[in-house]
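Written out below as structure tokens is the structure these notes cover.
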Amino acid sequence: MKPLLKVDGARLWQSLMDMAQIGATPGGGVRRLALSEEDRLGRALFAQWCREANLTVSVDEVGNLFARRDGTNPHAAPVLVGSHLDTQPHGGRFDGVYGVLAALELVRVLNDAGVVTEKPIEIVSWTNEEGARFTPAMLGSAVFTGAMPLADALARRDAHNVSLADALIATGYRGTRATGTPVDAYFEAHIEQGPVLEANGTQIGVVTGGQAIRWLDVTVTGMAAHAGTTPMPYRKDALFAAAQIALELERIVAGYAPRGLATIGEIGIPDASRNTIAGQVSFTVDLRHHDDGEVDAMSEALRDTCAHIAAQRGVQVAVDTYWRSVATPFDGSCVALVQDAVNALGYTSERIVSGAGHDAILLASHCPTAMVFIPCVGGLSHNEAEDALPDDVTRGANVLLNAVLARAGTTSASTSTVDSH
């Protein structure tokens, strides 16, 4: 496949830097929690840019934001391209937003070069991908693909008891477009969020799918008592039990190296007091592996360990499954289009399985799907210091452009190169 066009790398970089000013943090990162005022401003700027590119903007019932460029075939389902604009509380300038603005740059280049596609192209910014304000993560794409009922999503509440429905209304993003509309294919560009590409000196990651993810909620219930009058042998200390479980979890996952991963990301002691033995401790567990069966095995081993520690310490331990995402292969034909674009552009690449959850994982059950990864500096993400190099940003967008063009089909095109990076 011979590339028809390349993106304007300087324009794409400037768009990223302009968007990064909305919700900018003192540490150089970004805070744009889903459907916050900062997210509203980011969406407004993106929608403005889309209208300036002669795109038709619409919003669905869960707040997913779409921008459509028509094709010559009015009956064809669109090729969907995008990611998300929301961030972690102390997030970076590239996670999610890169995929949205690379899609916008793709359209800008098509406009500049007079390229007409057969199939429509739609850019999408999904609602609440991060899961930092409302849970679960990838909420907007879950509703779009039917993985979550709309009513369930609208009822979700944040830490301040604000429902998603109320947040949509407050920001003006409770749209009327139906969810789950037909899609020809979905492409998403993203920073890797890990160190593999950079460590290997590889320019592009051709993503073959996403690994399995399991979120568990663990609650340890002991007995609250006075810290100064209760001898150690008489205690039912929920925190010491939780600490032992955490250490055992680390040991369990070591047996599934190098692909097995476990994280305790949140921990809480209700009604905590400095001089009171913890009567209850709750914490989250995030388990990941490329193979569903291995995640099942890690989960069962953790449950067995919890039961053993509970009996040993005289406490109760409940383990509940909060959310699961199965290992998901991407569509072979779409992955091949990404690889063809990489080869035609002369970039180095490697096949890679996504370690993070992405909207593309959910879209893969709805339509043919593929992803493009670029390196990020130090493999760092979900951090204010998250960074990517301009040349990598440009290369990933060039791959995205040509893979999408191959899927959408061109009926007329210029052979000029807008940017030679």
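In terms of the working numbering, the sequence shown opens at residue 842 and continues consecutively.
Quick reminder that beta carbons are idealized off the backbone N, C-alpha and C, glycines included.
In the DSSP annotation of this structure, R872 is not part of any beta strand (DSSP E), being labelled neither H nor E. A distance below 9 angstroms separates the beta carbons of D1232 and G850. Annotation: the continuous beta strand (DSSP E) that includes S1190 extends over S1190 to S1195. By the Cβ criterion, the segment 1127-1142 is not in contact with the segment 1030-1041, since fewer than three pairs of Cβ atoms, one from each stretch, lie closer than 8 angstroms.
The beta-carbon separation of G940 and S924, rounded to 3 angstroms, stays under the 8 angstroms limit for a contact. I1110 and A1087 have their alpha carbons spaced roughly 15 angstroms apart. Restricting attention to R1092, A1006, P990 and T1060, the CA atom closest to the CA of A1079 is found in T1060.
Proximity of the segment 1067-1078 to the segment 1113-1125 meets the contact definition, three or more beta-carbon pairs being nearer than 8 angstroms. In this structure G1237 is in contact with A943, their Cβ atoms being roughly 7 angstroms apart against a cut-off of 8 angstroms. Shortest Cα-Cα distance from G1035 to any of A1151, A1226 and S1195 involves S1195.
Taking the Cβ atoms as the reference, F1028 lies roughly 5 angstroms from V1245, within the contact range of under 8 angstroms. Residue burial annotation: G1021 is exposed, with fewer than 16 other C-beta atoms found within 10 angstroms of its C-beta.
I962 places its beta carbon 9 angstroms or farther from that of F1214.
Residue state for I1202 is assigned as helix, using DSSP reduced to three classes. With fewer than 16 other Cβ atoms inside 10 Å of its own Cβ, G1096 counts as exposed. Within the DSSP secondary-structure output, M1073 pairs in no beta bridge. Residue environment for N895: exposed (fewer than 16 other C-beta atoms within 10 angstroms of its C-beta). Judged by DSSP secondary structure, F985 falls within the alpha helix (DSSP H) whose first and last residues are L980 to T986. Taking all protein chains in view, the Cβ of I1010 is surrounded by fewer than 16 other Cβ atoms within 10 Å, so the residue is classified as exposed. Each residue's CA atom was taken as its position, placing N969 and D911 some 27 angstroms apart.
When only Cα atoms are considered, K960 and V920 end up about 7 angstroms apart.
Looking only at T1012, V1218 and N1243, the smallest Cα-Cα distance to A1185 is reached by N1243.
The segment 1063-1137 is shown to contain whole beta strand (DSSP E) runs of 3 or more residues at 1102-1104 and 1121-1130, in chain order. The shortest CA-to-CA distance from G1219 to any of V1037, V1179, V938 and R974 is the one to V1037.
For D1161, there is no enclosing alpha helix (DSSP H); the enclosing beta strand (DSSP E) has its first and last residue at Q1157 to S1166. Around the C-beta of Q929, 16 or more other C-beta atoms lie within 10 Å, and the residue is accordingly described as buried. Straight through space, the alpha carbons of V1156 and M1064 are spaced by roughly 8 angstroms. If you ignore the 5 residues before and after E1091, its C-beta comes within less than 8 angstroms of the C-beta of A1103, all in its own chain and listed in chain order.
With at least 16 other beta carbons inside 10 angstroms of its own, Q1180 counts as buried.
Within the same chain, N905, H925, G981, S982 and D1200 come within 6 angstroms of W967 by CB-CB distance, once the 5 residues on both sides are set aside. The alpha-carbon separation between L846 and P915 amounts to approximately 24 angstroms.
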